[in-house]
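Structure first, commentary second.
Residue numbers (full-length UniProt numbering): 1 to 662.
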């Protein structure tokens, strides 16, 4: 007898030995067995042992058709049986099925798929089917099935409430700061810009009075003089609390000395004039700055800018001028008597008045910009009682923010844990289908195990945690109360709140009357996406066409951004009926059929539907108790939800999820 024939006979002997051992175990367990849900007298130990040997038997038959090292393969199969690892099918790449090759003559009379099918008892299939059915239940049915409290559902409802309260608190604080900044800018425009009128503050587009600008040299010099003089008169004319910054400071923190002057900076193009009257523009610009110090003439202060330019040999060439800026700073503070927990906030205001002449069209556009920088207030600003009240309210806000962060962290952990368990169940179900039915799960079945609502909740939790951490830094003044810091914080908190409320749609979808919205979105999404692509193509075509053709004749089409805004408003206003008439309506019957009869079933869904056990039958609790070893109680909630051991990792068990029976 040659070596290959000896190898095949030896492997046949191993297969028969394993099969005989399973038969002996079956006969022994039948004598000592018990009835499990109407499946006859089978022992629980037999079900576990039989499932543990499924892969060993299949691999033995598979290897008997090939020549190779017998001892190595049988030793590997023996180790896979005795190790009791979570993976039921070692020594084979993911996605490989024992039925990939057809079994012929040397393996006897049974085929590969038929042999593996006979190794799965009805109790095993029912156990997996019941496990899958429980996995795809909603929280209410899961509570009826196992009497486990839906912690994720409760946590999400609580999280929506506390996040909404947090947004209300933060929105009130931010609106107060923003209103103060805007009104402060408006007040400075009235005090420092000559000829400023309230009509420039209105919102209609286009503005009825046009843009604020100057058109002559005399107006330019008068505007500089007006702003120069207005800066020094701010403490006397402004209704706000304004303190000028002086050059020197004493040891006790009181400013003295002269007031910091206004800085005038100008930028000019660099060019050379040729003898024939033409000129050549050179790369780069020329920058020139000077401090505007008023001259004292007797008891009066002179703010004549022409005299200052003449005395300091400062020349402005309007044909070469790009822009002229006036820069100065002063101190102020903000006190809100309604939101008293913030107390007074001191700011250093950096103001820039800019005269722009980039186009050289004869119109100098004038803009005023303020940058508010928070700084520590010098001296005692509050009484002891008010300071204690401010500290108490601030501590309460910080504690509330910490509670929000902890709840979001706990919610994120639960969702990540659920997604990991879903991935493990998907992996084991796919292997079961390959052995039992000869094919794995298709893409749609794989996606059924991916809960995109959990992904939304995880992103929502991350955004809320980052925004809350930023808010705590603003509360404790680790970050300054500026526009940029509030914008970053509001971005994270706002998106987190939006996703939290959108996540509520998942739980509303558990009720049939509310599920119509989710069903409509799911059914119509592909067609709406196709319609949006066509609409965007037309939208961009009209946008570029209107910008190029109508731009010179209408202010709304002057810039590409304003053209897009105008066209978008037309689409959502005057063209609304055309949009509705262009929407496809041939999917109404499809939506009706899907709502009444459900979507077409996949193989996995058909497999799960064969489980007729009601959720209140107690079978789910019994199977869960026998597999997990104990029930969760309210006192053990954290251990149950976070620290529960995985039976698949227990060294005493010899099989994974697929071998658990009830």
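Note that beta-carbon positions come from the ideal geometry of N, C-alpha and C, so glycine has one too.
Using the Cα positions of residue i and residue j, report the straight-line distance between them to the nearest angstrom.
i	j	result
residue 174	residue 187	20 Å
residue 610	residue 435	19 Å
residue 548	residue 554	11 Å
residue 566	residue 528	23 Å
residue 455	residue 343	41 Å
residue 200	residue 332	25 Å
residue 347	residue 245	12 Å
residue 447	residue 466	29 Å
residue 439	residue 470	51 Å
residue 414	residue 531	38 Å
residue 214	residue 177	32 Å
residue 334	residue 268	39 Å
residue 640	residue 519	Residue placement at residue 640 is poorly supported in this model, since its pLDDT is 48, which falls under 50; the coordinates are not used for a value here.
residue 163	residue 384	33 Å
residue 552	residue 243	48 Å
residue 292	residue 285	22 Å
residue 524	residue 152	29 Å
residue 157	residue 122	40 Å
residue 561	residue 395	45 Å
residue 212	residue 538	37 Å
residue 489	residue 387	26 Å
residue 423	residue 430	11 Å
residue 349	residue 376	13 Å
residue 148	residue 544	59 Å
residue 526	residue 459	24 Å
residue 234	residue 366	20 Å
residue 568	residue 428	50 Å
residue 113	residue 445	Confidence at residue 113 is low in this model, with a pLDDT of 47, below 50, so the placement of that residue should be treated as unreliable; the coordinate-derived value is given next. Going by the C-alpha atoms only, they are around 22 Å apart.
residue 614	residue 495	40 Å
Can you name the start and end residues of the alpha helix (DSSP H) that residue i belongs to?
i	result
residue 568	560 to 571
residue 278	Counting along the chain, residue 278 falls outside any alpha helix (DSSP H), and DSSP gives it neither H nor E.
residue 159	151 to 192
residue 195	Unbroken run through residue 195: none, as it is neither H nor E.
residue 230	217 to 232
residue 502	483 to 508
residue 133	122 to 135
Between residue i and residue j, which are expected to be in contact by the criterion C-beta below 8 Å, what is the C-beta distance as a whole number of angstroms?
i	j	result
residue 497	residue 167	5 Å
residue 330	residue 217	Between residue 217 and residue 330 the Cβ distance is about 29 Å, and since that is not below 8 Å, they are no contact.
residue 194	residue 223	5 Å
residue 357	residue 322	6 Å
residue 608	residue 136	7 Å
residue 155	residue 410	7 Å
residue 227	residue 353	5 Å
residue 485	residue 474	6 Å
residue 266	residue 288	5 Å
What are the start and end residues of the beta strand (DSSP E) that includes residue i?
i	result
residue 448	Note, residue 448: premise wrong, no beta strand (DSSP E); alpha helix (DSSP H) at 443 to 448.
residue 611	Segment: none, residue 611 is in no beta strand (DSSP E) and carries neither H nor E.
residue 451	That residue, residue 451, is in no beta strand (DSSP E); it is neither H nor E in DSSP.
residue 244	242 to 244
Is the beta carbon of residue i sitting closer than 8 Å to the one on residue j?
i	j	result
residue 160	residue 501	yes
residue 262	residue 191	no
residue 189	residue 420	no
residue 450	residue 412	no
residue 370	residue 559	no
residue 390	residue 480	no
residue 723	residue 482	Because residue 723 is not part of the residues shown, which for the chain are 1 to 662, the question remains open.
residue 181	residue 306	no
residue 290	residue 312	yes
residue 259	residue 279	no
residue 145	residue 134	yes
residue 351	residue 328	yes
residue 472	residue 398	yes
residue 464	residue 408	yes
residue 355	residue 324	yes
residue 401	residue 468	yes
residue 443	residue 433	no
residue 546	residue 557	yes
Runs of beta strand (DSSP E) lying entirely within the region 353 to 441, each at least 3 residues, in chain order: 364 to 375
Which full runs of the beta strand (DSSP E) of 3+ residues lie inside the region 296 to 340, going along the chain? 300 to 302 and 321 to 334
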